[in-house]
Amino acid sequence: MNFVIVLLALLGSVWLLAVVEGWTTTGRLRPAAPLLSGLAHLGRESIVPRTPDRVFFETAPVLLLIVAVLGAAVLPLAPTLVIADLATGALFINAALAYVLVALIMAGWGPNGAYAMIGGWRFLGQLIAYAMLIVMPITAVAMRAESLVTTVIVGSQDGLWNIVYQPLGFVLFFIAAMALAFRAPFDLPTAPGELGGGVDAEYTGVRLGVLRLARLTLVITLASATTVFYLGGWHGPLLPPWAWSLIKTLAVAVSMLLAGRYLPRIREADLMRWCWTLGIPLALLNIIVVGLLVLVVP
Amino acid sequence: MYAQAFFVAVFGLAAIGFGVVVFRTSSMVRSALALLFSQTAVGCMFLAMQTEFLGVLQIMMMATEMSIMAIFMVMFMMDPGGMGGMDMTHQKRFSIGAGVVAAGVAIVVAFWADWGPVTAEAPDAAMQTRALGMELLGRSMLIFETAGITILTAMIAATAVAIPVQTTANIADKEDTE
Amino acid sequence: MIEVTKDLPRSADGLAMDWMEVPFGPVFPGLPGGLKLTLTLDGDGVTEGQATSLVGMINESEEGKEIDAETFIERLASAMPLASVSYRLLACLAIERAAGLENDSATDQARAVALECERIASHLGWLAQTGRQLGFAWLTDRAATLQLEIRRASGKRLVELTPALQALAARLGRTPLLKSRLKGIGVLPSGTAGLSGPVARAADDAGDAWARLWQRLDEIITSLDYIKATGEPGLPVLRNIGRGSGTGEATVETPRGEAQLSLILEHGQVKSYRLDTACSHHIGLVAKLVEGRELGDALVAVGSLDLSPWEVIS
Numbered sequence: 001m002n003f004v005i006v007l008l009a010l011l012g013s014v015w016l017l018a019v020v021e022g023w024t025t026t027g028r029l030r031p032a033a034p035l036l037s038g039l040a041h042l043g044r045e046s047i048v049p050r051t052p053d054r055v056f057f058e059t060a061p062v063l064l065l066i067v068a069v070l071g072a073a074v075l076p077l078a079p080t081l082v083i084a085d086l087a088t089g090a091l092f093i094n095a096a097l098a099y100v101l102v103a104l105i106m107a108g109w110g111p112n113g114a115y116a117m118i119g120g121w122r123f124l125g126q127l128i129a130y131a132m133l134i135v136m137p138i139t140a141v142a143m144r145a146e147s148l149v150t151t152v153i154v155g156s157q158d159g160l161w162n163i164v165y166q167p168l169g170f171v172l173f174f175i176a177a178m179a180l181a182f183r184a185p186f187d188l189p190t191a192p193g194e195l196g197g198g199v200d201a202e203y204t205g206v207r208l209g210v211l212r213l214a215r216l217t218l219v220i221t222l223a224s225a226t227t228v229f230y231l232g233g234w235h236g237p238l239l240p241p242w243a244w245s246l247i248k249t250l251a252v253a254v255s256m257l258l259a260g261r262y263l264p265r266i267r268e269a270d271l272m273r274w275c276w277t278l279g280i281p282l283a284l285l286n287i288i289v290v291g292l293l294v295l296v297v298p
Numbered sequence: 299m300y301a302q303a304f305f306v307a308v309f310g311l312a313a314i315g316f317g318v319v320v321f322r323t324s325s326m327v328r329s330a331l332a333l334l335f336s337q338t339a340v341g342c343m344f345l346a347m348q349t350e351f352l353g354v355l356q357i358m359m360m361a362t363e364m365s366i367m368a369i370f371m372v373m374f375m376m377d378p379g380g381m382g383g384m385d386m387t388h389q390k391r392f393s394i395g396a397g398v399v400a401a402g403v404a405i406v407v408a409f410w411a412d413w414g415p416v417t418a419e420a421p422d423a424a425m426q427t428r429a430l431g432m433e434l435l436g437r438s439m440l441i442f443e444t445a446g447i448t449i450l451t452a453m454i455a456a457t458a459v460a461i462p463v464q465t466t467a468n469i470a471d472k473e474d475t476e
Numbered sequence: 477m478i479e480v481t482k483d484l485p486r487s488a489d490g491l492a493m494d495w496m497e498v499p500f501g502p503v504f505p506g507l508p509g510g511l512k513l514t515l516t517l518d519g520d521g522v523t524e525g526q527a528t529s530l531v532g533m534i535n536e537s538e539e540g541k542e543i544d545a546e547t548f549i550e551r552l553a554s555a556m557p558l559a560s561v562s563y564r565l566l567a568c569l570a571i572e573r574a575a576g577l578e579n580d581s582a583t584d585q586a587r588a589v590a591l592e593c594e595r596i597a598s599h600l601g602w603l604a605q606t607g608r609q610l611g612f613a614w615l616t617d618r619a620a621t622l623q624l625e626i627r628r629a630s631g632k633r634l635v636e637l638t639p640a641l642q643a644l645a646a647r648l649g650r651t652p653l654l655k656s657r658l659k660g661i662g663v664l665p666s667g668t669a670g671l672s673g674p675v676a677r678a679a680d681d682a683g684d685a686w687a688r689l690w691q692r693l694d695e696i697i698t699s700l701d702y703i704k705a706t707g708e709p710g711l712p713v714l715r716n717i718g719r720g721s722g723t724g725e726a727t728v729e730t731p732r733g734e735a736q737l738s739l740i741l742e743h744g745q746v747k748s749y750r751l752d753t754a755c756s757h758h759i760g761l762v763a764k765l766v767e768g769r770e771l772g773d774a775l776v777a778v779g780s781l782d783l784s785p786w787e788v789i790s
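Residue numbers (the numbering used here), protein chains in the order written: chain A, 1 to 298; chain B, 299 to 476; chain C, 477 to 790.
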């Protein structure tokens, strides 16, 4: 039952996010547009490029969708509303999202095209940059909760959310999550102006539909993770817990969307340099500060 | 119990199957990713054997590692897509022999070794994670820290060796070749 | 393996890899339409590249075929869709000089205002294109909206748009990541041969993509000041030249640099002409700008030249 509810919540959030995305780009609020364009994708011809690596080409969009849903599976909407309340939830979401890279490499290599291939390998470089900034802030979150269980992590923020307790970790995690979801300004693997769509470039029709759905789901999953780890999950007055989770998740997702609109795409070399020379020291500092707080403040 | 044995067997066979694909394809990326999925299947075996932390860790680590291996294979191999019909195999007889012997040894060890009493009830996942943490930061700390530092040193050393040294001699050499 | 790779060209990192020749354009989101950029890629680094125009004019008038002066002006203006007013003006000036007409200050002034209007619109078009290339959606939307307004605006309306344009420039100055994206990319030192227009003026500064961005933003403000001080724009229209004959030469500072036209007029018909534009020279700089750069940087460098493939004369 939880499985169905969480999946529906995920789909609903994806739909809302797609509506907002359309609203910011076209200036028109059209609630039916995501459904219509989804249907249109089904109707269009789905072209397979010449001499593709067929296995990779077919697997990549589906794999991306699966890992995004798997990541969402350990994130609670309410105290009992979670698909799998794993003892290693905070680690599991890393494991699931590590396969975003695998999916993008497949999508890059599969179609046998230069733009896609460069996009796929670019994301590997991007992973080297952001990976530590996903894992290290989560470490600090787990330190405070003294658990890897996502529901316990939310419980630990009762009274004081992690965004206040460890703001540095929140900022780093938010930026790294945007890089993981390859949203602008970190859209190096797709980069319409540089690679003409990159890993998306060779996908058409129903395959492109799945790929787009997967990308939006990934954003929602990461926004939900941000909510669970930093924004107190389901905590909030008046409204029921699940409503708070959804509101916070959507707010984070929309802010990720809007941030990209007002920024130019980052240079690959700059991303790498800043993540390693600035991001990782800050993440370590965050761990030390949180460690001290955990030890000193009861 | 039977379900557990079933899943261990399924993931075990998947691991072997992907392992075979590693050597049956000439595409370097396919080969690397087949190895990845073989390792992922091993991670799933851990999960089926109720060692959640180890399983998840295995699944997580392999994704990045094998992808990085894939890009190195693409960079260094002449026919990374396997579409040029280049033969990538060598020393076939020796490697078949080595493989058979190693498999035989592994099977013999598996059947003859004394594995101790079977644990009736595995502790729950949270307890395992805690016990693992205690182990890593207690008795085994020295071993793991030494291993970690050694690997880090090796990586830095390898990078340092790989960066070409800018001396007057090899700049002149470079200009000669151009 | 050594036998296979020993004769392959080496990249800067000493690794022998397959090089790919990849076309960018003529229809590519990050580049002006009609421009074809062929890059040889080594991974995501560019080892060499060259740009060609697929829509440029040919500099030869058909042998023995005379063109009516009015038709010539229309043809030249419509051949350069990204700067039609500038080339209309250029053709008018050259023909009028060939016919021996004196300059008329009132006409000149209205024409100059029209030229400055087009400069503003053209630079805004470039900003929108740059926004598209950099994935900077806000800039694309804003610059494109302003460009449309400018193209429709009268002199008075233009003055009213001044705060909006100043705000755009100020906003770009505050945008994070933009400077690190453009600074030090596509450097053209001031001694480089064949520079003209904003690219040449920016070369006196740092000569990189960042300097070119600010040069164009400054020019927008300067042009606005000029329009404010001068008056209403008037589209260049050919004055009555009768059936004059002679040779004429004119130079106009188009939004992309200096354009020069010399022609021979016989009885009100253009017999032959020679056109020289800034883009014809700038397109040759591409090879040097992209060599050894990362792909994204190379494309930014090409974009910052503001090449109009129509204005490339072959």
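Built from N, CA and C at the ideal position, the CB exists for glycine as well. Predicted model only: the values in this text are computed from it and were never measured.
- In the DSSP assignment, ARG647 of chain C forms no beta bridge with any residue.
- When rounded, the separation of the alpha-carbon atoms in VAL252 of chain A and SER224 of chain A is 8 Å.
- For a cut-off of 8 Å, the C-beta gap from GLY720 of chain C to ALA597 of chain C is around 33 Å, too long to register as a contact.
- Annotated three-state conformation of ARG437 of chain B is coil, per DSSP.
- Between LEU515 of chain C and GLY501 of chain C, the CB-CB gap reaches or exceeds 8 Å.
- For the segment 421-434 of chain B, the residues whose beta carbon sits under 9 Å from a beta carbon of chain A are, in order, ASP422, ALA423, ALA424, MET425, GLN426, THR427.
- VAL503 of chain C is classed as exposed because its beta carbon has fewer than 16 other beta carbons within 10 Å across all chains shown.
- Assignment of PRO499 of chain C by DSSP, reduced to helix, strand and coil, places it in the strand class.
- With fewer than 16 other Cβ atoms from the protein chains shown falling within 10 Å of its own Cβ, GLU443 of chain B counts as exposed.
- The continuous alpha helix (DSSP H) containing SER656 of chain C extends over residues 654-658.
- At a cut-off of 8 Å between beta-carbon atoms, ALA98 of chain A makes contact with chain B.
- The alpha helix (DSSP H) runs lying completely inside the segment 200-279 of chain A and spanning 4 residues or more are 205-230, 241-261, 268-274, given in chain order.
- According to DSSP, residue pairing for LYS512 of chain C in a beta bridge involves C:THR528.
- Against chain A, a Cβ distance below 7 Å from GLY506 of chain C picks out GLY193, GLU194.
- For the pair THR528 of chain C and HIS757 of chain C, the Cα-to-Cα distance works out to about 12 Å.
- Just so you know, the alpha carbons of ALA629 of chain C and SER560 of chain C end up roughly 17 Å apart.
- Cα atoms of ALA201 of chain A and THR51 of chain A: separation of roughly 16 Å, rounded to the nearest angstrom.
- Among the residues of chain A, those whose CB is under 9 Å from the CB of LEU517 of chain C are ALA114, ILE118, following chain order.
- For LEU739 of chain C, the closest C-alpha among the options C:LEU565, C:ARG750, C:SER581, C:PRO731 is that of C:ARG750.
- In this structure GLY660 of chain C is in contact with ASP684 of chain C, their Cβ atoms being roughly 5 Å apart against a cut-off of 8 Å.
- The contact set of VAL149 of chain A on chain B, defined by CB atoms closer than 8 Å, consists of ALA424 in chain order.
- For MET496 of chain C, the C-beta contacts it makes with chain A under 8 Å involve ALA114, in order along the chain.
- Per DSSP, LYS747 of chain C lies in no alpha helix (DSSP H) segment; the continuous beta strand (DSSP E) that holds it begins and ends at 745-752.
- DSSP places GLY197 of chain A in the coil class of the three-state scheme, outside both helix and strand.
- Rounded to whole angstroms, the gap between the alpha carbons of GLY279 of chain A and MET178 of chain A is 14 Å.
- With a cutoff of 8 Å on beta-carbon distance, LEU654 of chain C and LEU664 of chain C are scored as not near each other.
- In the displayed model, THR523 of chain C falls within a strand according to three-state DSSP.
- About 18 Å separates the beta carbon of ILE105 of chain A from that of SER324 of chain B, a gap too long to meet the 8 Å contact definition.
- Between the alpha carbons of ALA176 of chain A and GLU636 of chain C lies a distance of about 42 Å.
- Contact between the segment 133-148 of chain A and the segment 207-221 of chain A is absent: fewer than three C-beta pairs spanning the two stretches fall below 8 Å.
- In the three-state DSSP reduction, LEU148 of chain A falls in the coil class, being neither helix nor strand.
- By the criterion of a C-beta distance shorter than 7 Å, LEU216 of chain A is surrounded in its chain by VAL14, LEU17, ALA18, once the five residues flanking it on both sides are discounted.
- Measuring C-alpha to C-alpha distances from ILE153 of chain A to each of A:LEU77, A:THR204, A:VAL206, A:ASP270 identifies A:LEU77 as the nearest.
- Following the DSSP letters along the chain, one finds ILE175 of chain A inside the alpha helix (DSSP H) bounded by residues 167-180.
- Taking 8 Å as the cut-off between beta carbons, the residues of the segment 644-673 of chain C near chain A are THR651, PRO652, LEU653, LEU654, SER656, ARG657, in sequence order.
- Contacts with chain A at 8 Å (Cβ-Cβ) do not include LEU700 of chain C.
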